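For reference, the structure discussed in these notes is given below.
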Ligand code: URA
């Protein structure tokens, strides 16, 4: 697999992902585990971010400190990406949130944008595009194009489960966007679902299945 794909190899992530995969896991646990895994993905994504030096006054003395050089913008692809944003906000509460809504056209099976609203600082930010499932890659590619059209230059794509066709599609259209995932599953079924995957992430997160 390409060097710009990082699989987060961590026992807590592996255990959480197994809970997500299990069909018996109820929505409350599914939510918690998805949010936790998103935090691990965020930690991996932010590992290489630049910081700027600042001086900090502790109650006892001054010392050298750091601030992130760029603001953080989280962009969940509606609707399952919202669950990842819920988790990451717990460790990056000052992040701004953009939203991108896409639906799949019944005839062309291609994503059509029905909503986007991005923060004004998106061009200057570290942008994390969030969708738990990188399946065909078409939604991820459309969302990345929307982000770039609005000026975003530093984009990383975070997902919980990817599969090879989606990875290849995103890499072929947006080779500059690193992919950070908890797992890469072998294949897509005829309905565009990742197998073994975890089912419909949005339905399971929002309890609509
Ligand atoms: N979206 C999902 O929620 N699950 C998949 O397996 C593929 C796309």
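Numbering (the working numbering), first residue to last: 753 to 961. Ideal Cβ placement from N, Cα and C applies to all residues, glycine included. In this text, all values refer to a predicted model and were calculated from it rather than measured experimentally.
Q: Output the distance between the C-alpha atoms of residue 788 and residue 914, rounded to the nearest integer angstrom.
A: As a position in the chain shown, residue 788 is number 36, starting the count at 1. As a position in the chain shown, residue 914 is number 162, starting the count at 1. The alpha-carbon atoms of residue 788 and residue 914 are separated by roughly 17 Å.
(Q) Just to confirm my understanding: we take residue 753, look at its own chain, exclude 5 residues before and 5 after, and list those with CB closer than 6 Å. What are they? (A) The residue labelled residue 753 in the question sits at position 1 within the chain shown. Its pLDDT being 49, under 50, residue 753 is placed unreliably in this model, and the value from its coordinates should be taken loosely. For residue 753, where only same-chain residues beyond five positions count, there are no Cβ hits under 6 Å.
Q: With a 10 Å radius around its C-beta and 16 neighbouring C-beta atoms as the bar for buried, classify residue 814 as buried or exposed.
A: Here residue 814 is taken as the residue at index 62 of the chain shown, counted from 1. Classification of residue 814: exposed, given that the 10 Å Cβ count is below 16.
Q: Indicate, with yes or no, if the ligand URA has a heavy atom lying under 6 Å from the CB of residue 789.
A: Along the chain shown, read from residue 1 onward, the residue named residue 789 stands at position 37. False, no ligand heavy atom lies under 6 Å from that Cβ.
**Q.** Distance cut-off 6 Å: residue 885 Cβ against heavy atoms of the ligand URA
**A.** By 1-based counting over the chain shown, the position of residue 885 is 133. Result yes, Cβ under 6 Å from the ligand URA.
Q: Along the beta strand (DSSP E) that carries residue 829, what are the first and last residues, could you check?
A: Here residue 829 refers to the residue found at position 77 of the chain shown. It spans 824-830 - the beta strand (DSSP E) in which residue 829 sits, taken as one unbroken run.
Q. Does DSSP put residue 855 in a helix, in a strand, or in coil?
A. Looking up residue 855 in the chain shown gives position 103. Strand.
Q.
Once DSSP output is grouped into helix, strand and coil, what is the label at residue 838?
A. One-based indexing of the chain shown puts residue 838 at position 86. Three-state DSSP puts residue 838 in a helix.
Q: Rank 769, 953, 950, 935 by C-alpha distance to the C-alpha of residue 757 and give the top, closest one.
A: Taking the first residue of the chain shown as 1, we reach residue 757 at position 5. Cα-wise, what sits closest to residue 757 is 935.
Q.
Just to confirm the assignment, what range does the alpha helix (DSSP H) spanning residue 866 have?
A. Residue 866 sits at position 114 when you count from the first residue of the chain shown. Looking at the DSSP string, residue 866 is not in any alpha helix (DSSP H); the run it does join, the beta strand (DSSP E), is 863-869.
Q.
Could you check if residue 952 belongs to the surroundings of the ligand URA, using beta carbon to heavy atom distance under 6 Å?
A. For the purposes of this step, residue 952 is taken as the residue at position 200 of the chain shown. Correct: residue 952 has its Cβ closer than 6 Å to the ligand URA.
Q: Using DSSP bridges, identify the partner residues of residue 781.
A: Looking up residue 781 in the chain shown gives position 29. Secondary-structure assignment with DSSP links residue 781 through no beta bridge to anything.
Q. Under 7 Å, do residue 887 and residue 829 count as touching if we go by C-beta distance?
A. On the chain shown, residue 887 is found 135 positions in, with the first residue counted as 1. On the chain shown, residue 829 is found 77 positions in, with the first residue counted as 1. Cβ atoms of residue 887 and residue 829: not closer than 7 Å.
**Q.** Validate contact between the stretch 816-833 and the stretch 760-774 using beta carbons, cut 8 Å, 3 pairs
**A.** no
Q. Is residue 814 helix, strand or coil by DSSP?
A. Position 62 of the chain shown, counted from the start, is the residue given in the question as residue 814. Three-state result, residue 814: strand.
Q. Secondary structure at residue 760, three-state DSSP: helix, strand or coil?
A. Taking the first residue of the chain shown as position 1, residue 760 is located at position 8. Of the three classes helix, strand and coil, the one that applies to residue 760 here is coil, per DSSP.
Q) Among 795, 794, 849, 893, which residue has its Cα nearest to the Cα of residue 922? A) The count along the chain shown starts at 1 and reaches residue 922 at position 170. Residue 893 is the option with its Cα nearest to residue 922.
Q) Going along the chain, which residues of its own chain have a beta-carbon closer than 8 Å to the beta-carbon of residue 783, five neighbours each way excluded? A) On the chain shown, residue 783 is found 31 positions in, with the first residue counted as 1. Contacts found: 835, 838, 957.
Q: Inspect the beta-carbon positions of residue 771 and residue 785 and report whether they are closer than 7 Å.
A: Start at 1 with the first residue of the chain shown, and residue 771 comes out as number 19. Start at 1 with the first residue of the chain shown, and residue 785 comes out as number 33. Yes, these two residues count as a Cβ contact at 7 Å.
Q.
At a threshold of 6 Å, does residue 855 count as lining the ligand URA (C-beta to nearest heavy atom)?
A. Along the chain shown, one-based indexing puts residue 855 at 103. Not one heavy atom of the ligand URA sits closer than 6 Å to the Cβ of residue 855.
**Q.** Span of the beta strand (DSSP E) around residue 880
**A.** Taking the chain shown and counting its residues from 1, the one referred to as residue 880 is at position 128. Looking at the DSSP string, the run of the beta strand (DSSP E) that includes residue 880 is 878-882.
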